[in-house]
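Quick note on my numbering: the sequence shown kicks off at 289 and runs consecutively.
Beta carbons are placed, not taken as given, at the ideal position from N, Cα and C, and that holds for glycine.
Since this is a predicted model, take the numbers as computed values, not measurements.
Each remark here refers to the structure printed beneath this line.
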Amino acid sequence: AERKPFDEIKEMIKDKKNIMVIGCGTCVTINQTGGEKEVAILASELRIAKKLDGDSVNVKQLTIQRQCEREFVEEISQKIEQADVVLSMACGVGVQTMAEI
């Protein structure tokens, strides 16, 4: 898994006020591309960028055990519903599972 360029992410969420960044605790954690640390970094980057642009934003961050397993994603479905946009930092299977919930 590889993270999109920050400018591309920033453009995708430009009109959003409630952002949820969700990481995965398995393969992308081991590969250092989407675990708790990387989620915290992206969430901080988004907060800083929005503040520099003069925008207010609520960025929440969460890392679940496995995004590729429906049961783990369903446990956080209420939190997902509260967000204007969800940024998944999982592998392709995890992103697909998130999209289906």
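Worksheet entry | Under the three-state DSSP convention, the category serine 365 falls into | DSSP places serine 365 within a helical segment (H, G or I) once states are collapsed to three.
Worksheet item: By how many angstroms is the C-alpha of methionine 377 removed from the C-alpha of valine 327?
Response: 7 Å
Practice prompt. Might you give, ordered along the chain, the residues of its own chain that have their beta carbon closer than 8 Å to the beta carbon of isoleucine 389, omitting 5 neighbours on each side?
Written response: Arg358, Val361, Glu362, Ser365, Ile368
Worksheet item: Considering only residues of the same chain and omitting the five flanking positions on each side of glycine 322, which have a CB-CB separation below 7 Å?
Response: Ala289, Gly311, Cys312, Val316, Met377, Ala378
Worksheet item: Shortest alpha-carbon distance to methionine 386 belongs to which of Met308, Ile329, Glu296?
Response: Met308
Item to complete: Work out the CA separation of valine 345 and alanine 331 for me, nearest whole Å.
Response: 11 Å
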